[in-house]
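Novice:
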Ligand SMILES: [Zn+2]
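In our numbering, the protein residues as written are 12 to 531.
(1) Nearest to residue 294 by CA position, among 81, 182, 39 and 154, is which residue?
(2) Quick one: what's got a C-beta closer than 8 Å to residue 321's C-beta in the same chain, skipping five residues either side?
(3) For residue 174 and residue 103, which I take to be in contact (beta-carbon distance under 8 Å), what is that distance rounded to the nearest angstrom?
(4) Using only the heavy atoms of ligand 1, determine whether one of them is closer than 7 Å to the beta carbon of residue 159.
(5) Whose CA, out of 241, 260 and 240, lies closest to the CA of residue 249?
(6) Could you compute how far the alpha carbon of residue 19 sits from the alpha carbon of residue 482?
(7) Whole angstroms is fine: what's the gap from residue 327's alpha carbon to residue 355's?
(8) I need the DSSP call for residue 477, collapsed to helix, strand or coil.
(9) Would you mind reading off the limits of the alpha helix (DSSP H) that contains residue 188?
(10) The alpha helix (DSSP H) that contains residue 84, what's its start and end?
(11) Buried or exposed for residue 118, going by 16 or more other Cβ atoms inside 10 Å?
(12) Looking at residue 203 and residue 287, is the spacing between their C-beta atoms short of 8 Å?
(13) As a quick exercise: from 205, 214, 114 and 109, pick the residue whose alpha carbon is nearest that of residue 132.
(14) Apply the 10 Å Cβ neighbour rule to residue 544 and answer buried if 16 or more other Cβ atoms are within range, or exposed otherwise.
(15) For residue 396 and residue 420, I'd like the C-alpha separation in whole angstroms.
(16) Is it true that the CB of residue 177 sits closer than 8 Å to the CB of residue 210?
(17) Taking DSSP's pairing of strands, which residues face residue 295 in a bridge?
(18) Tell me whether residue 126 sits in a helix, a strand or coil according to DSSP, three-state version.
(19) Quick check on the DSSP output: the alpha helix (DSSP H) that includes residue 442 runs from which residue to which?
(20) Less than 7 Å separating the Cβ of residue 142 from some heavy atom of ligand 1?
(21) According to the Cβ coordinates, are residue 271 and residue 298 closer than 8 Å?
(22) Please determine if the stretch 45–59 and the stretch 73–86 are in contact, where contact requires at least 3 C-beta pairs separated by less than 8 Å.
(23) According to DSSP, what are the bridge partners of residue 347?
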């Protein structure tokens, strides 16, 4: 049987500045989905990368007295380094300066668009926003200024190549309206739909070489450079090997999920589908749109000097606390706020006193029991596997675990990361309460089975945490002594379905380990 595939991308980061916490959020959200689908047994391809061409990059390089290539190499390396510090599981990293993979794909696509009559040259006079690095229309203006950059556009007159997006306007409207490309959340779907309904205009896909040197030149016209959106979006297929129509491309395209920020929905929900329709390629299944991170209520920006640096954050608090905060505190589809105070509050209440404390408590209880009863292993064998729990008040915890697992699956499928973590943390609170009620530190007839319940609950918590906080999950498995059942066994391994699984390795060789989250 062939495995199901799952292809997920982030947008590619623009290399005019160093990485900040906002893009880290997107990477982590995509990583959770990639890990989750791997645990479901799918063949996953998770792509990220950097978008390196354009006048803004050339300008930023010049300011540092570097040539653009050298400048991009440095910045791109920083983005690449996020993989390690944020513990990302991406399978590939594409750079738009990659002349072996990206450029041939761009040229192939350009020629195909042209062949279809969708690329044409025209004298153009239009409004140009240097912030957007794009020609914009009156629709994009608020009070005569670019709605995103709050600056007045320049009027530019030049000869460019255009992409005939208008031809596909009605079709794209239907595709988005009918959820053939599903846009999450609904509010963003309505936003883009309203935009498309006004009618999509043809868009400029190139600029004169003299104004835009840093880029890929138009095939058969050295005087024109392909303009950022006309080539950057193609990274999603170039990385798979569109140029040579590779096996990987055939296997993974169409993409299952594009993760993007709300500022670039227009490009992914309107221009990209238009290009794909023209190229005769299948459309993305889902576009997931996240919000922005504010800092103390303010937009994160270089000029305000409030950029949150992911490298510093991880250095100070560690990878999983950073992942946890971004996934839990920032609502997955809306804007959320970062402050160090909020971060430390979340850390202390949820991680140190919540998860960390529960793990330490349960493992201590189990270790004591093991010391008293050297044969815990054999005794465990006589306990009923979780699926068949009925007595000793144990059914209550089973119901709670089942409910949490179900909700966690549903919420993950809806990209509601913050809510999924909230329900896992409800189970953690339930376990704390269970300990208070059942008093397993006192010797009694039910003591071993109560501790067993808690161990099973912990194993479930760890299993559900795998996509979110994989290192923490591993450490919990470690302390539970579950080594024979590894990540590859998937999300569905707990609770053990049968006694044979218990015999095969599901034994509780609990061993107290380091404190997961020391208080700060
Ligand atoms: Zn703008």
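From the three backbone atoms N, C-alpha and C, an ideal C-beta is built for every residue, glycine too.
Specialist: A quick look at the data gives this:
(1) 182
(2) 30, 31, 32, 35, 93, 96, 97 and 333
(3) With a Cβ gap of about 27 Å, residue 174 and residue 103 do not count as contacting.
(4) Residue 159: yes, Cβ under 7 Å from ligand 1.
(5) 260
(6) 22 Å
(7) 11 Å
(8) coil
(9) For residue 188, the uninterrupted alpha helix (DSSP H) segment begins and ends at 180–188.
(10) 79–96
(11) By the neighbour-count rule (16 or more Cβ atoms within 10 Å), residue 118 is buried.
(12) Taking a C-beta distance under 8 Å as the contact criterion, residue 287 and residue 203 do not qualify as a contact pair.
(13) 214
(14) What the structure shows of the chain is the stretch from 12 to 531, and residue 544 is not part of that stretch, so it cannot be assessed.
(15) Its pLDDT being 35, under 50, residue 396 is placed unreliably by the model, and the measurement read from it follows with that caveat. Cα to Cα, residue 396 sits roughly 22 Å from residue 420.
(16) Yes, Cβ-Cβ distance for residue 210 and residue 177 is below 8 Å.
(17) Answer by DSSP bridge pairing: none, since residue 295 is not bridged.
(18) helix
(19) Looking at the DSSP string, the run of the alpha helix (DSSP H) that includes residue 442 is 428–449.
(20) yes
(21) yes
(22) Not touching, per the Cβ criterion.
(23) Under DSSP, the beta-bridge partners assigned to residue 347 are 304.
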